[in-house]
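Trainee: Under mature numbering (1 follows the signal peptide of the UniProt record, and there is no 0), read the sequence shown as residues -23 to -1, 1 to 239, first letter to last.
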Amino acid sequence: MPPFAAVGWVLCLLLLGSSWARAVPQTAPPASAPPPPWPVLRLCTSDSPFVPYTAPDGSGSSQRLLAQALQGLPLRLQSYVAPRSRCLLDARAGQAEALIGVFDPERLAWARYPMRGDQPDGSQALAAGRFLVYRRVGSPADWDGERFSQLQGAPVGVRLGFSYGGALARSAAPIDDKATSAEQLLRKLAKGRVALAIVQEAQGELLRQQGLEAPIEALPRPFSSFELHLILTQRFEQQHPALARQLWQRIGQLRARQAGSP
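Listed below in C-alpha cells is the structure:
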C-alpha cells in the first residue's frame, strides 16, 4: 500500500473514533444528596434592654452565652425584636420557638424549661439576678419582704409582660403594669405616679446613678431573686427533644466555665 494511502486510512480511523466517542452518552458522576435543612430556632427578644442580660442589638450577656452554646449544633438561630408582650404572644401562637425569661408555672401550658423534678434547673440557667424595690427619697412607702405599706393610694409599678412570681399576687397591692421599660417605670416613680417600683437591680442602679426627675433609692430587702432561662416552646421541645436537652446542657456548662474563669 502506498504510504499516502496508509496515512489516509489512519486519519479515517481517527475521525470515526472521535465521532463514536461523541455519540456515546457520557455518564455524569452521581450528585451527592443535599444535607437536610437544619431546624430553625426563632428567638424573640424584647425591644427594651434588660441590662446586662439582653439588648435589642443582641449584645446582652445572656444572648452572647446562647450564641456560644449554639455553636456546632444543627440549629439555625433567627433572632428578631418585638415588645415583650408580643414575644409572649408569638411564642404561644407558634410564631417564635424561644424566649429568654424567668420561670413562671403559668407558662407551662405552652413553654418548656430545663427542669430538675418539678422545679427549673438553676444549673442550666443563662443568668441569675435580683429584683429590687425602689422609692423616692423621703417617701414613707415601704416593703418589708412580705408586704407593701404606706402606699398612700398609689400603685406599685411593674413592667408590662414581666413575671414577678407569686409574691406580687399575694401582696394584694394596686398594680400599674403599663411601663414597657425600666427607664419609663423609674421616671413614673420619680414623678410620683407610682409609690414603689420593682426593677431588676443592674438596670435600676444604672438609671439611678444617671439621674432622674427626683432622687430614688433601693429598699434594703430585695423583692425577689430570679434566674433567666432559655424558654423553648412545647412544640419545639417535642419535635427536637435531644437538641433541646443538649442546648440547655451546653448553656449550663459554658456558664459554669465562665464563672470558674479567673
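All residues carry an ideal CB built from backbone N, CA and C; glycine is no exception.
Any contact of the stretch 17 to 24 with the stretch 47 to 63, i.e. 3+ C-beta pairs under 8 Å?
Mentor: Verdict: yes, contact present.
Trainee: Report the partner residues of G237 according to the DSSP bridge assignment.
Mentor: G237 pairs with nothing; no bridge assigned.
Trainee: Give the secondary structure of D154 by DSSP, where H, G and I count as helix, E and B as strand, and everything else as coil.
Mentor: D154: strand per DSSP, three-state reduction.
Trainee: Taking the beta strand (DSSP E) that L54 belongs to, which residues open and close that run?
Mentor: Residues 53 to 59.
Trainee: A195 by DSSP, collapsed to three states: which one?
Mentor: Three-state result, A195: strand.
Trainee: Where does V114 land, buried or exposed, given buried means 16+ other C-beta within 10 angstroms?
Mentor: Counting Cβ neighbours within 10 Å, V114 comes out exposed, since fewer than 16 surround it.
Trainee: Shorter than 9 Å from the beta carbon of L18 to some beta carbon of chain B?
Mentor: This model lacks chain B altogether; it includes just one protein chain.
Trainee: Between P199 and F108, how many whole angstroms is the CB-CB distance? I'm expecting something under 8 Å.
Mentor: Contact holds; Cβ gap of about 7 Å.
Trainee: State whether the stretch 92 to 101 contacts the stretch 32 to 43, with contact taken as three or more CB pairs (one from each stretch) at a distance under 8 Å.
Mentor: Result no; under three Cβ-Cβ pairs closer than 8 Å.
Trainee: What does the Cβ neighbour count give for L222, buried or exposed, with the cut at 16 atoms within 10 Å?
Mentor: Looking at the sequence itself, residue 222 is Arg, so the reference to Leu does not match. That one is exposed.
Trainee: Count the other CB atoms, across all protein chains shown, that sit within 10 Å of the CB of K165; report buried if there are 16 or more and exposed otherwise.
Mentor: Burial call: buried.
Trainee: Around the Cβ of P197, are there at least 16 other Cβ atoms within 10 angstroms (buried) or fewer (exposed)?
Mentor: Classification of P197: exposed, given that the 10 Å Cβ count is below 16.
Trainee: When the Cα of T22 is compared with those of C64, F80, R170, which residue comes out closest?
Mentor: Minimum Cα distance to T22 is reached at C64.
Trainee: With which residues is H206 paired in a DSSP beta bridge?
Mentor: According to DSSP, H206 bridges with G78.
Trainee: Taking the alpha-carbon positions, what's the D81 to P151 distance?
Mentor: Each residue's Cα considered, the two are about 21 Å apart.
Trainee: Is L184 closer than 9 Å to A159 when the C-beta atoms are compared?
Mentor: Contact: yes.
Trainee: Buried or exposed: A104, going by 16 or more other Cβ atoms within 10 Å of its Cβ?
Mentor: Its Cβ being crowded by 16 or more others within 10 Å, A104 is buried.
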